[in-house]
Amino acid sequence: MGHLDHAALGWLTPTLSYVMACIGAALGLRCTVRALGATGRSRRNWLITAASAIGTGIWTMHFVAMLGFSVSGTDIRYDVPLTIASLLVAMAVVSAGVFAVGYSRDRVRALLLGGLTTGLGVASMHYLGMAAVRLHGDVDYDPVLVGLSVLIAVVAATAALWAALNIRSPVAVTIASLIMGAAVSSMHYTGMFAVSVRVSPSGAVLPGATAMQFIFPLAVGLGSYLFLTSAFVALSPTTGEREASASAQRAVESIPS
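Per my numbering, numbering through the sequence shown is continuous, rising by one, with the last residue being 1101.
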């Protein structure tokens, strides 16, 4: 059995991955709040931004954490098409959940179905990402821990969608984002603790790309997207601010010259 290290770079990767999950959650919640206060094309655009932020945050959290994953006795490579597919899965399922909440008239049903769908999608993203791992040996999973990780993903997704519907104030969003980041990180590491590897030493060259060749640049790019989008959302006026500005403008125009 190969020795698995989930934090080969120390606390850097767990901490940074948690931060990315929190940023994605916070941005997604703020965008969903904006969406619920908008109509038409504006609502759709805010929901798309929310889904991309949450999906990007979850995927980036997973693969930043994977930068610290190592197995003694073997190198690790990543299958590029499968890794990209895991990102697309994350985006698709989060979009389904967010749009269900954003447009459904039956909020309770949308919350339950959206939470289940999104949670299963997040778990699928995780294990599809793990399927992209290439190493000299065989990978096995503890079914109990796998089931627990899926359950955590569903609960975390449902909680995220509930927060999107019910939380408005910046302080509450911040607290909810910290909790959601912890839940997503817990799901990831529960899934990782389910992994065991039987190493088969070999001198053959592994297919795929190393983490630093592919995962790291992609994670940096997606992380930059989250930071830039956060700045855009922070500078974009809310519905209340726009209404206040319009009221002030009307008041100024009504004053006789």
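Quick reminder that beta carbons are idealized off the backbone N, C-alpha and C, glycines included.
Inter-residue spacing [alpha-carbon to alpha-carbon] between residue i and residue j
i: V1039; j: R885; result: 44 Å
i: T918; j: L992; result: 28 Å
i: L891; j: M905; result: 21 Å
i: R878; j: R1012; result: 9 Å
i: T1002; j: T927; result: 25 Å
i: V1028; j: S1044; result: 32 Å
i: P987; j: V994; result: 11 Å
i: R951; j: P1014; result: 22 Å
i: L972; j: Y985; result: 13 Å
i: L964; j: T1073; result: 26 Å
i: H850; j: Y862; result: 14 Å
i: A1020; j: G959; result: 16 Å
i: S930; j: S1068; result: 19 Å
i: P1061; j: C866; result: 20 Å
i: G881; j: R949; result: 15 Å
i: M974; j: W903; result: 12 Å
i: R887; j: S914; result: 43 Å
Closest residue to residue i among the options (Cα-Cα distance)
i: L853; options: L911, V990, A1007 and R951; result: L911
i: I898; options: V877, L871, S914 and L860; result: L871
i: T961; options: H850, V998, P987 and G1025; result: V998
i: G981; options: S916, L932, L964 and A1007; result: S916
i: L1050; options: S1030, G1025 and A976; result: A976
i: S1030; options: S1021, I1059 and I996; result: I996
i: T900; options: A1026, F1058, V937 and M974; result: V937
Buried or exposed by the 16-neighbour rule on C-beta atoms within 10 Å, applied to residue i
i: T883; result: exposed
i: L1032; result: One point to set straight first is that residue 1032 is His, not Leu, in the sequence displayed. Per the 10 Å Cβ criterion, buried.
i: G1047; result: exposed
i: Y947; result: exposed
i: A1075; result: exposed
i: M1056; result: exposed
i: F1071; result: exposed
i: A1088; result: The pLDDT assigned to A1088 is 43, lower than 50, so where the model puts this residue is not dependable; a value taken from the coordinates is nonetheless given after this. Counting Cβ neighbours within 10 Å, A1088 comes out exposed, since fewer than 16 surround it.
i: A1016; result: exposed
i: P858; result: buried
i: L1066; result: buried
i: T893; result: buried
i: T1054; result: exposed
Close-in-space but distant-in-sequence residues of the same chain around residue i (CB under 6 Å, 5 per side omitted)
i: G1052; result: R921, Y922, D923 and R978
i: S968; result: V933
i: T876; result: A894 and A1008
i: S939; result: A895
i: F907; result: I1059 and A1063
Residues of its chain near residue i, where Cβ-Cβ distance is below 8 Å and the 5 sequence neighbours each way are ignored
i: L989; result: T1034, G1035, F1037 and A1038
i: L856; result: G912
i: F943; result: L891 and A895
i: V945; result: T876, R951, A954, L955, G958, L1005, A1008 and L1009
Whole-angstrom C-beta distance between residue j and residue i, which should lie under 8 Å
i: A1004; j: A869; result: 7 Å
i: V983; j: A934; result: With 8 Å as the limit, V983 and A934 do not qualify as a contact, their Cβ atoms being about 21 Å apart.
i: L1009; j: L955; result: 7 Å
i: A1063; j: M1024; result: Wrong, their Cβ atoms sit about 19 Å apart, outside the cutoff.
i: L797; j: V1041; result: This structure leaves residue 797 out entirely; the chain is present only between 845 and 1101.
The ligand SAM heavy atom lying under 7 Å from the CB of residue i
i: A894; result: Of ligands this structure carries none, so the ligand SAM is not represented either.
Cut-off 7 Å between Cβ atoms - residues of its own chain near residue i, not counting five sequence neighbours on either side
i: L1022; result: C866
Residue-level contact to chain B via CB, residue i, 8 Å cutoff
i: I1059; result: Of the protein chains in this structure there is only one, and it is not chain B.
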